[in-house]
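To start, the structure itself, in structure tokens.
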Ligand SMILES: Nc1ncnc2c1ncn2[C@@H]1O[C@H](COP(=O)(O)OP(=O)(O)OP(=O)(O)O)[C@@H](O)[C@H]1O
Ligand SMILES: [Mg+2]
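Protein chains in written order, with the numbering used here: chain C, 1 to 237; chain Z, 1001 to 1292.
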């Protein structure tokens, strides 16, 4: 329970990085994806992780969410060590998943409910919120991403950019403190991109932490971001 | 980097968004998950999708794990396919459990003949399917048919392990040409081919979706099965869509929709022996059903 004390723990938490990778290495069945990667993201920061295809950006986010575990080095997210031992405690894993939201690169892999409403309501319902509060969160989130009126649509039948925004809404409705957006800005039209960028800006201004990946290093749409660049050798450049 | 501001609307005087209070980090009381245990059904559906990703058609082509497999490898694929189909129908239709137990015995013997490392993947998949079946049948058991769950689970285990035993050891092109030999129209083979050929991709889709489910399962759902059912449903939807896209891609690359029947001789001594064994088992089935 200690990691998230409201009074005493909060003092330390402001000093602590929201995400810390220390000499992290990882391979998929012998195929190297991360090689001795170290970086930090401080609370309230917006960081853009960029690099060529296959350099390991998505892998960083999988490790930070506890979907895979580093073979060497330390991963810590919101003051919580993320490794096989800590994540085997379900309470710890679930707490982490609520506090640190991950929006996948491929929205088809993220949407599994029959309607947009159900999709966005899934997380809040899991959290045990009352139906009134759930409805409020769904309405608020859909409005944020220009999805009002999509409630009854099937996520499966949406356009690529719409799916991406529904996936984002489904994560944001859980009220996370840290958002990881894997290539979210790709495939969004100018207006949607504006909405998402506005949201990120306000969210960061309100104290939220955001890590986005992008390979558009040259013309990033998020001018306030601090850049962390990876190279083709799966290292921080 | 203000120089890049012209590339975006962010800095250009848009109204700052007002975040809803519940979304302001630290604005809400911290969420404490109540559960300390994963839901039973969800856990098993996750295990099942993970296994599906691992066991796929043709993963063991040309490798014989046991003496039984070596003998079976000499039987023509069309005969094996037909034999499997007949036996599966018999097992499913059997009202007399003796036949289901007999086939369970056969599948266990075939499993046990393999080296230890090759038993686990098949046995675990079949086991999980049997468990899920038993769970689905639980209401019937509670409504006064206590044996039905056991029956269904037994049948599920036997059929799944027999089917896996075949499909792991034949390649997909062998299956499609066997289907042609069985006089299935090319169109039907095509549909099957499209639906099933990329079962590995399908398995990966299931894996990704179950990751997504795990990431959002931050508590306990009022309808505990909804997410798991959604993942299963979405996996099949994606399979369907994927198959459709692939058939389009194949047509665009000049595939005319016809499949070749097998070139090698089908009626070998091994095949005839196999047919005799299957016919024998069917006779046992008919006898047992008649004896009821
Ligand atoms: N499931 C997997 N199995 C095997 N190798 C994988 C798997 N997923 C990723 N890889 C490999 O790991 C490396 C890092 O992959 P990752 O998805 O993290 O790259 P990325 O930086 O996100 O690339 P992109 O810009 O294309 O999204 C790549 O070389 C990739 O081929
Ligand atoms: Mg990626």
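The C-beta atom is built at its ideal place from N, Cα and C for all residues, glycine as well.
TODO: Answer with yes or no whether the minimum CB distance from residue 1348 of chain Z to chain C is below 7 Å.
DONE: Any question about residue 1348 of chain Z goes unanswered here, given that chain Z covers just 1001 to 1292.
Task: Any heavy atom of ligand 2 within less than 7 Å of residue CB: hits in chain order - done: In chain order, the hits are C:57, C:58, C:105, C:182, C:183, C:213.
- [ ] Answer yes or no: the CB of residue 215 of chain C versus the heavy atoms of ligand 1, is any distance below 6 Å?
- [x] On the first chain, residue 215 of chain C is found 215 positions in, with the first residue counted as 1. At least one heavy atom of ligand 1 is nearer than 6 Å to the Cβ of residue 215 of chain C, so yes.
Open item on the list: Quick check on the DSSP output: the alpha helix (DSSP H) that includes residue 1218 of chain Z runs from which residue to which?
Closed with: Against the second chain, residue 1218 of chain Z aligns to sequence position 218. According to the DSSP assignment, residue 1218 of chain Z belongs to no alpha helix (DSSP H), since it is labelled neither H nor E.
Open item on the list: Using beta carbons (cut-off 7 Å, strictly below), is residue 164 of chain C in contact with chain A?
Closed with: The structure shown contains no chain A; the protein chains it does contain are C and Z.
Task: Min CB distance residue 1113 of chain Z to chain C below 7 Å - done: Against the second chain, residue 1113 of chain Z aligns to sequence position 113. At a cut-off of 7 Å between C-beta atoms, residue 1113 of chain Z does not count as an interface residue with respect to chain C.
Task: Status (buried if at least 16 other CB within 10 Å, exposed otherwise) for residue 224 of chain C - done: Translated into the one-based positions of the first chain, residue 224 of chain C becomes position 224. Residue 224 of chain C comes out buried.
Task: Beta-carbon separation (whole angstroms), residue 1234 of chain Z vs residue 145 of chain C, contact threshold 8 Å - done: Stepping through the second chain from its first residue, residue 1234 of chain Z is reached at position 234. Stepping through the first chain from its first residue, residue 145 of chain C is reached at position 145. Taking the Cβ atoms as the reference, residue 1234 of chain Z lies roughly 21 Å from residue 145 of chain C, outside the contact range of under 8 Å.
TODO: Compute the beta-carbon to beta-carbon distance between residue 98 of chain C and residue 174 of chain C, rounded to the nearest angstrom, for a pair I have assumed lies under 8 Å.
DONE: To locate residue 98 of chain C, count along the first chain from 1; it is residue 98. To locate residue 174 of chain C, count along the first chain from 1; it is residue 174. The pair is a contact, with the Cβ atoms about 5 Å apart (cut-off 8 Å).
Task: Pairwise C-alpha distance: residue 234 of chain C and residue 1019 of chain Z - done: Numbered from 1 along the second chain, position 19 holds the residue referred to as residue 1019 of chain Z. Numbered from 1 along the first chain, position 234 holds the residue referred to as residue 234 of chain C. Those two C-alpha atoms are separated by around 36 Å.
- [ ] Could you work out which residues of chain C lie near residue 1212 of chain Z, taking near to mean beta carbons separated by less than 7 Å?
- [x] Translated into the one-based positions of the second chain, residue 1212 of chain Z becomes position 212. By Cβ distance, chain C contributes 104, 109, 110, 112.
Task: Contact set for residue 1278 of chain Z: own chain, Cβ-Cβ below 7 Å, skip 5 residues either direction - done: By one-based count along the second chain, residue 1278 of chain Z stands at place 278. Cβ contact annotation for residue 1278 of chain Z (same chain, cutoff 7 Å, sequence separation greater than five): 1083, 1086, 1087, in chain order.
Task: Minimum Cβ-Cβ distance from residue 1177 of chain Z to chain C less than 7 Å - done: Sequence index remark: in the second chain, residue 1177 of chain Z carries index 177 (1-based). Chain C, which has no Cβ nearer than 7 Å to the Cβ of residue 1177 of chain Z, makes this no.
Open item on the list: Need the endpoints of the alpha helix (DSSP H) that residue 194 of chain C sits in, please.
Closed with: Here residue 194 of chain C refers to the residue found at position 194 when the first chain is read from its first residue. Residues 190-205.
Open item on the list: Is any non-hydrogen atom of ligand 1 found closer than 6 Å to the C-beta of residue 1244 of chain Z, if you look at the structure I gave you?
Closed with: The residue labelled residue 1244 of chain Z in the question sits at position 244 within the second chain. No, the Cβ of residue 1244 of chain Z stays beyond 6 Å of every heavy atom of ligand 1.
Task: Interface flag, residue 1121 of chain Z vs chain C, CB-CB below 7 Å - done: By one-based count along the second chain, residue 1121 of chain Z stands at place 121. Not closer than 7 Å to any Cβ of chain C, the Cβ of residue 1121 of chain Z fails to qualify, so no.
Task: Interface partners of residue 1245 of chain Z on chain C, CB under 9 Å - done: Mapped onto the second chain, residue 1245 of chain Z falls at position 245. When 9 Å is used as the limit between beta carbons, residue 1245 of chain Z is near no residue of chain C, the shortest such separation being about 12 Å.
Task: Alpha-carbon spacing of residue 200 of chain C relative to residue 177 of chain C, whole angstroms - done: Here residue 200 of chain C refers to the residue found at position 200 of the first chain. Here residue 177 of chain C refers to the residue found at position 177 of the first chain. Taking the straight line joining both Cα atoms gives about 12 Å.
TODO: Helix, strand or coil for residue 1114 of chain Z, going by three-state DSSP, please let me know.
DONE: In the second chain, counting from the first residue as 1, residue 1114 of chain Z sits at position 114. Assignment of residue 1114 of chain Z by DSSP, reduced to helix, strand and coil, places it in the coil class.
Task: Local conformation of residue 1270 of chain Z per DSSP, three classes - done: For the purposes of this step, residue 1270 of chain Z is taken as the residue at position 270 of the second chain. Note: residue 1270 of chain Z maps to helix in three-state DSSP.
Task: Neighbour list for residue 67 of chain C in chain Z, Cβ cutoff strictly below 8 Å - done: Along the first chain, read from residue 1 onward, the residue named residue 67 of chain C stands at position 67. Result: 1211, 1214, 1215.
Open item on the list: Measuring alpha carbon to alpha carbon, tell me which residue in Z:1028, Z:1062, Z:1290, Z:1110 is nearest residue 137 of chain C.
Closed with: As a position in the first chain, residue 137 of chain C is number 137, starting the count at 1. Z:1028 is the residue among Z:1028, Z:1062, Z:1290, Z:1110 whose C-alpha sits nearest the C-alpha of residue 137 of chain C.
Task: Where the beta strand (DSSP E) through residue 210 of chain C begins and ends - done: The sequence position of residue 210 of chain C within the first chain is 210, counting from 1. Looking at the DSSP string, the run of the beta strand (DSSP E) that includes residue 210 of chain C is 209-214.
TODO: Please classify residue 47 of chain C: does DSSP put it in a helix, a strand, or coil?
DONE: One-based indexing of the first chain puts residue 47 of chain C at position 47. DSSP, reduced to helix, strand and coil, places residue 47 of chain C within a strand of the structure shown.
- [ ] Take the Cβ of residue 1008 of chain Z as the centre, count every other Cβ of all protein chains shown within 10 Å, and call the residue buried at 16 or more, exposed below.
- [x] Along the second chain, read from residue 1 onward, the residue named residue 1008 of chain Z stands at position 8. Residue placement at residue 1008 of chain Z is poorly supported in this model, since its pLDDT is 43, which falls under 50; the coordinates still yield a value, given next. The residue in question, residue 1008 of chain Z, is buried, as its Cβ has 16 or more Cβ neighbours within 10 Å.
- [ ] Output yes if chain C places a C-beta closer than 7 Å to the C-beta of residue 1146 of chain Z; else output no.
- [x] Position 146 of the second chain holds residue 1146 of chain Z. Using a Cβ-Cβ cut-off of 7 Å, residue 1146 of chain Z does not count as an interface residue toward chain C, since no Cβ of chain C sits closer than that to its own.
TODO: Given a cut-off of 7 Å, decide if residue 16 of chain C and residue 79 of chain C are closer than it, judged by their beta-carbon atoms.
DONE: To locate residue 79 of chain C, count along the first chain from 1; it is residue 79. To locate residue 16 of chain C, count along the first chain from 1; it is residue 16. Against a cut-off of 7 Å, the Cβ pair of residue 16 of chain C and residue 79 of chain C comes out as a contact.
Open item on the list: Once the 5 residues before and after residue 8 of chain C are set aside, which same chain residues still bring their CB inside 8 Å of it?
Closed with: If you number the first chain from 1, residue 8 of chain C lands on position 8. In this prediction, residue 8 of chain C scores a pLDDT of 34, lower than 50, which makes its location untrustworthy; the coordinate-derived value is nonetheless stated afterwards. In the same chain as residue 8 of chain C, and ignoring 5 residues on each side of it, no C-beta atom comes closer than 8 Å to its own.
Open item on the list: Let me check understanding here. Comparing Cα to Cα, which of C:43, C:44, C:57 lies closest to residue 33 of chain C?
Closed with: Residue numbering aside, residue 33 of chain C sits at position 33 when the first chain is read from its first letter. Measuring from the Cα of residue 33 of chain C, the nearest candidate turns out to be C:57.
Open item on the list: Using C-beta distances below 7 Å, list every residue in its chain close to residue 125 of chain C, excluding the 5 sequence neighbours before and after it, in chain order.
Closed with: If you number the first chain from 1, residue 125 of chain C lands on position 125. Once the five neighbours on either side are set aside, the close Cβ partners of residue 125 of chain C are 134.
Task: Under 8 Å from the C-beta of residue 1220 of chain Z: neighbouring residues of chain C - done: To locate residue 1220 of chain Z, count along the second chain from 1; it is residue 220. Per Cβ cutoff of 8 Å: 126, 128.
Open item on the list: Can you determine whether any heavy atom of ligand 1 sits closer than 6 Å to the C-beta of residue 1214 of chain Z, and answer yes or no?
Closed with: Residue mapping note: residue 1214 of chain Z aligns to position 214 of the second chain, counting from 1. Checking the Cβ of residue 1214 of chain Z against ligand 1 gives no.
Task: residue 99 of chain C, DSSP secondary structure in three states - done: Along the first chain, read from residue 1 onward, the residue named residue 99 of chain C stands at position 99. For residue 99 of chain C, the secondary structure class from DSSP, reduced to helix, strand or coil, is helix.
Open item on the list: Comparing C-alpha positions only, which one of Z:1065, Z:1092, Z:1098 sits nearest to residue 1112 of chain Z?
Closed with: Along the second chain, one-based indexing puts residue 1112 of chain Z at 112. It is Z:1065 whose Cα lies nearest to the Cα of residue 1112 of chain Z.
- [ ] Can you grab the Cα-Cα spacing for the pair residue 228 of chain C / residue 62 of chain C, in whole Å?
- [x] The sequence position of residue 228 of chain C within the first chain is 228, counting from 1. The sequence position of residue 62 of chain C within the first chain is 62, counting from 1. Taking the straight line joining both Cα atoms gives about 17 Å.
Task: residue 76 of chain C (DSSP reduced to helix, strand or coil) - done: Taking the first chain and counting its residues from 1, the one referred to as residue 76 of chain C is at position 76. Residue state, collapsed to three classes: strand.
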